[in-house]
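Student: Taken in order, the sequence shown gives residues 0 to 565; the numbers are from numbering that gives the first Met the number 0.
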Amino acid sequence: MAILSKIREKINLFCSIFIFYIEGHLIFRLISMHPFTILNVVCASGRNQKNPIRDLYTVHSPNGAINMEWMENQEICYEDEPIRLSPEQVRRLPPKEYKKMRELAFGSPFSHTNDAQIFYLQARYMESFEDDCPYDREVLHYYPTYQSLSTPELRGYFTWRTRLRRGHLEKTSLTYAYLYLYELLHQIGSRTKEEGLSALLWFYEHYGALDPHIRRHFRQWIADYAIYYDLPVESIRDFIDTGFDEALISLSHCDIIDDDALFPAILQLSSYHLERSRGYRQFPEDLKRIICASYRRLNSHYAARYERPYVQKLYCNPTPRRRYFPFYSAVFYDHRRFEHYEYRISPFRCYICDQNRWSIECDYTSRQQSKELGAFVRAADRLWREANDLRPPMKPGEETKTMVRFLSEAIIEQRKPAVVRVEFDLSRLPGIRRSSEAVGQALMTEEERYTEEVAPVMPKEKHTAASAIPTAEPEARAIPSAIQTEEPETPACPLSGDELRFLQLLLYGGNLESFLTETHRMASLLAESVNEQLYDEFADTVIEFDGNTPILVEDYREDLKGMIPK
0 MAILSKIREK INLFCSIFIF YIEGHLIFRL ISMHPFTILN VVCASGRNQK
50 NPIRDLYTVH SPNGAINMEW MENQEICYED EPIRLSPEQV RRLPPKEYKK
100 MRELAFGSPF SHTNDAQIFY LQARYMESFE DDCPYDREVL HYYPTYQSLS
150 TPELRGYFTW RTRLRRGHLE KTSLTYAYLY LYELLHQIGS RTKEEGLSAL
200 LWFYEHYGAL DPHIRRHFRQ WIADYAIYYD LPVESIRDFI DTGFDEALIS
250 LSHCDIIDDD ALFPAILQLS SYHLERSRGY RQFPEDLKRI ICASYRRLNS
300 HYAARYERPY VQKLYCNPTP RRRYFPFYSA VFYDHRRFEH YEYRISPFRC
350 YICDQNRWSI ECDYTSRQQS KELGAFVRAA DRLWREANDL RPPMKPGEET
400 KTMVRFLSEA IIEQRKPAVV RVEFDLSRLP GIRRSSEAVG QALMTEEERY
450 TEEVAPVMPK EKHTAASAIP TAEPEARAIP SAIQTEEPET PACPLSGDEL
500 RFLQLLLYGG NLESFLTETH RMASLLAESV NEQLYDEFAD TVIEFDGNTP
550 ILVEDYREDL KGMIPK
């Protein structure tokens with residue numbers, strides 16, 4: 000029994016030592032488990048939590064032995080402590096403005112609004128913010144906003160924007176460039192609308208040279224900026240298409256402008272290309288005066304008969320308003336909230352906003368060239384050729400009788416010779432004779448005077464009023480250049496052989512494929528040869544290609560028929 004008692008004591012001592020070793024090892028491992036995380040052993044008794052460092056010292060009893068009973072009665076729990084950062088890490092922490100900016104999108108009255116409105120609110124908050132934390136990685140976001148970028152990406156953007164505002168322009172990610180453009184469209188960083196427009200144009204010119212991709216929507220955005228912020232049309236004339244409206248204005252005011260302003264407007268809106276005509280190349284000024292004079296008469300005719308100018312018949316038919324979305328290809332929030340607003344580009348085009356709903360109102364249905372005006376210009380070309388016997392003649396088109404009447408009257412007036420009126424004042428002839436004799440006497444030398452004195456006196460010839468008046472043949476008076484010019488002969492066709500047959504097939508129809516197969520010729524080479532030989536006659540190509548199919552230029556079809564026999 001004594002032996003068993005000793006064995007039991009030794010076993011208990013061994014177990015106590017083993018348990019102490021295990022618990023001490025565990026406490027040491029928990030304290031030093033991770034170099035960046037310190038886990039404290041919190042020894043809590045009852046409801047009050049005690050100081051873990053103090054409790055570690057009270058684990059031992061006063062005599063130095065381990066108080067196992069105390070340790071068994073403790074509840075051990077673990078909690079995190081913040082990492083102690085280095086000064087460099089502290090410097091790179093994001094400023095508090097980023098957190099406040101994020102709060103505008105989450106947990107605020109604006110959390111249920113759209114992305115464009117959240118972007119506008121955040122951009123206003125960060126308008127003057129600066130940062131110095133570059134981000135060197137590539138950033139790619141479509142229609143980027145502050146919310147779509149991570150905090151490091153945002154810090155990189157504001158660092159780039161800070162340098163840009165200080166005058167350091169450098170190429171960056173396309174996402175950052177578009178984000179900056181979205182700010183400019185909302186006038187972020189601009190005190191006035193004029194300053195915002197200047198910033199947009201500067202960025203378009205300078206940064207567009209580094210990255211042309213930003214110019215894709217720029218012209219439309221500049222026009223929308225002027226419309227939205229009510230800027231003068233003249234300030235954006237290079238970015239907005241006003242040529243069509245200006246041509247309509249010229250036609251509507253044809254009675255108060257000269258031919259130099261009216262004639263280009265007619266050619267711009269006409270579907271007939273007068274500049275390709277041989278008659279216009281020979282007599283440009285004559286045709287210009289005829290067309291302008293005839294158009295003014297046509298306009299007065301419609302104003303008197305239909306109580307509206309001729310241009311309204313050509314284009315101006317009021318159409319319902321159609322929707323308009325400013326900055327539709329950008330992230331934009333309509334923050335001005337118009338009740339009623341109008342921006343007029345011209346008398347024919349106006350942008351309107353009613354109750355925050357944008358629309359455009361146009362007085363013309365189409366911006367294409369007018370076929371009716373083209374028929375008018377073509378009729379002028381045809382009638383002028385007939386009046387001057389220019390070859391080849393043109394066949395009548397779709398012109399109306401009213402057009403032909405006014406054009407014929409203008410051509411007759413243009414060809415009418417100018418009446419030259421010469422008046423002679425016979426009462427002034429004696430005075431002129433005496434003055435000439437006095438001048439002659441003053442210019443004579445002594446020898447000439449002596450010769451005149453000794454010379455026999457010849458009977459003077461009687462001058463009548465009729466003999467004093469110089470005769471002028473009426474045929475030599477002013478004649479228009481068109482009448483003095485010799486009648487041009489019908490131009491001879493310079494083509495022969497395969498080129499002539501090839502052009503005949505195009506003019507009058509036929510089996511072109513079999514012809515090319517029989518002659519072993521290529522259509523492209525034949526067309527090139529025909530264009531080259533007829534260039535002196537037309538100063539232009541007469542055959543074009545639609546894919547692999549040769550076609551004639553319609554403006555020259557009638558001229559070619561007068562030159563090429565069937």
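For each residue, glycine too, the CB sits at the ideal point set by N, CA and C.
1) Check for me: the beta strand (DSSP E) holding His339 runs from which residue to which?
2) Please confirm whether Glu182 and Ala122 have their CB atoms less than 7 Å apart.
3) Thinking C-beta only, is Leu406 closer than 7 Å to Ser270?
4) Who are the near neighbours of Gly45 in its chain, counting only those whose CB is closer than 8 Å to its CB and skipping five residues on each side?
5) Going by C-alpha to C-alpha distance, which of Val376, Ser365, Ile213 sits closest to Pro283?
6) Are the CB atoms of Ile289 and Ala409 within a distance shorter than 7 Å?
7) Exposed or buried, what is Pro61 when buried is set at 16 or more other beta-carbons lying within 10 Å of its beta-carbon?
8) What does the alpha-carbon distance come out to for the pair Cys349 and Arg366?
9) Spatial neighbours of Gln532 within its chain, please: CB distance less than 8 Å, with the 5 preceding and 5 following residues excluded, ordered by chain position.
10) Give the DSSP bridge partners of Cys132, in chain order.
11) Who are Phe16's beta bridge partners in DSSP?
12) In terms of residue numbering, what span does the beta strand (DSSP E) encompassing Arg356 cover?
13) For Tyr350, which three-state DSSP category applies?
14) Could you name the residues of the same chain whose beta carbon sits closer than 6 Å to that of Leu297, not counting the 5 residues immediately before and after it, in chain order?
15) Put Leu389 into one of helix, strand or coil per three-state DSSP.
16) Short of 6 Å in beta carbon distance, which residues of its chain neighbour Ile248, apart from the five on each side in sequence? Order them along the chain.
17) Straight-line CA distance for Pro263 to Phe202?
18) Tell me which same chain residues have a C-beta within less than 6 Å of the C-beta of His339, skipping the five on either side of it?
19) Is it right to say Gln311 is buried, meaning 16 or more other beta carbons lie within 10 angstroms of its own, or is it exposed?
20) Taking the beta carbon of Ile89 as the centre, do at least 16 other beta carbons fall within 10 Å, making it buried, or is it exposed?
21) Inspect the beta-carbon positions of Ser345 and Asp244 and report whether they are closer than 7 Å.
22) Reducing DSSP to helix, strand and coil, say where Phe405 ends up.
23) Decide if the region 120-138 is in contact with the region 146-154; the criterion is three or more beta carbon pairs, one per stretch, under 8 Å apart.
24) One question on the structure: do Val330 and Ala115 come within less than 7 Å of each other, judged by their Cβ atoms?
25) Ends of the alpha helix (DSSP H) at Ile117?
26) Can you tell me which of Pro93, Phe118, Asn11 puts its alpha carbon nearest to the alpha carbon of Leu103?
27) Any idea which residues DSSP pairs Thr548 with across the strands?
28) Pick from Arg433, Ala386, Phe326: whose alpha carbon is nearest that of Trp220?
29) I'd like the span of the alpha helix (DSSP H) that includes Val310, first residue to last.
30) Identify whether Arg160 lies in helix, strand or coil by the three-state DSSP scheme.
31) Go to Arg335, then tell me how far its alpha helix (DSSP H) extends in each direction, as first and last residue.
32) Determine the direct distance from the alpha carbon of Leu506 to that of Lys560, and round the result to whole angstroms.
33) What are the uninterrupted segments assigned as beta strand (DSSP E) that are 3 or more residues long and contained completely in the region 150-224, given in chain order?
34) Can you tell which of Lys400, Cys361, Leu389 has the C-alpha that lies nearest to the C-alpha of Ala374?
35) If you drop the 5 nearest sequence neighbours on each side, which residues of the same chain put their C-beta closer than 6 Å to that of Phe501?
36) Are the Cβ atoms of Leu268 and Cys291 separated by less than 7 Å?
Tutor: Based on what the coordinates show:
1) From DSSP, the beta strand (DSSP E) with His339 extends over 339-345.
2) Cβ atoms of Glu182 and Ala122: closer than 7 Å.
3) The Cβ atoms of Ser270 and Leu406 lie no closer than 7 Å to each other.
4) Since pLDDT at Gly45 reaches only 42, below the 50 mark, its modelled position is unreliable, and the value read off the structure follows with that caveat. Cβ neighbours of Gly45 beyond the five flanking positions: none.
5) If we check each option's Cα against that of Pro283, Val376 comes out closest.
6) Contact: yes.
7) Any reading at Pro61 must be qualified, since the residue scores a pLDDT of 49, below 50, and its modelled position is unreliable; no value is offered.
8) Cα-Cα distance, rounded: 15 Å.
9) Residues of the same chain with a CB within less than 8 Å of the CB of Gln532, apart from the 5 flanking positions on each side, are Pro493, Leu494, Glu498 in chain order.
10) Answer by DSSP bridge pairing: none, since Cys132 is not bridged.
11) The question names Phe, but residue 16 in the sequence shown is Ile. Beta-bridge pairing links Ile16 to no other residue.
12) Segment 356-361, the beta strand (DSSP E) holding Arg356.
13) Assigned with DSSP and collapsed to three states, Tyr350 falls in strand.
14) Closer than 6 Å at the Cβ level, and outside the excluded window around Leu297, lie Tyr309, Phe405.
15) Three-state result, Leu389: coil.
16) Excluding sequence neighbours, Ile248 sits near nothing in its chain.
17) So the two alpha carbons sit approximately 35 Å from each other.
18) In its chain, beyond the 5 residues on either side, Asp353 have a beta carbon closer than 6 Å to the beta carbon of His339.
19) A residue is called buried once 16 or more other Cβ atoms fall within 10 Å of its Cβ, and Gln311 is buried on that count.
20) Looking at the sequence shown, residue 89 is not Ile but Val. Burial call: exposed.
21) A Cβ-Cβ contact shorter than 7 Å links Ser345 with Asp244.
22) Looking at Phe405 - three-state DSSP - the assignment turns out to be helix.
23) Flag = yes, the region 120-138 and the region 146-154 touch.
24) Yes, the Cβ-Cβ distance between Val330 and Ala115 is below 7 Å.
25) 114-124 is the span of the alpha helix (DSSP H), which, as asked, contains Ile117.
26) Out of Pro93, Phe118, Asn11, Phe118 has the C-alpha closest to the C-alpha of Leu103.
27) The partner list for Thr548 (beta bridge, DSSP) reads Asp545.
28) Checked all of Arg433, Ala386, Phe326; the closest Cα to Trp220 is Phe326.
29) Val310 -> alpha helix (DSSP H) spans 309-313.
30) The answer is helix: DSSP assigns Arg160 an H, G or I state.
31) No alpha helix (DSSP H) holds Arg335; DSSP gives it neither H nor E.
32) In this structure, the alpha-carbon of Lys560 lies about 7 Å from that of Leu506.
33) Restricted to the region 150-224, not a single beta strand (DSSP E) segment is unbroken, complete and at least 3 residues in length.
34) Ranking the options by Cα distance to Ala374, first place goes to Lys400.
35) For Phe501, the CB contacts under 6 Å within the same chain, skipping 5 residues up- and downstream, are Leu525 in chain order.
36) Taking 7 Å as the Cβ cut-off, Leu268 and Cys291 do not qualify as a contacting pair.
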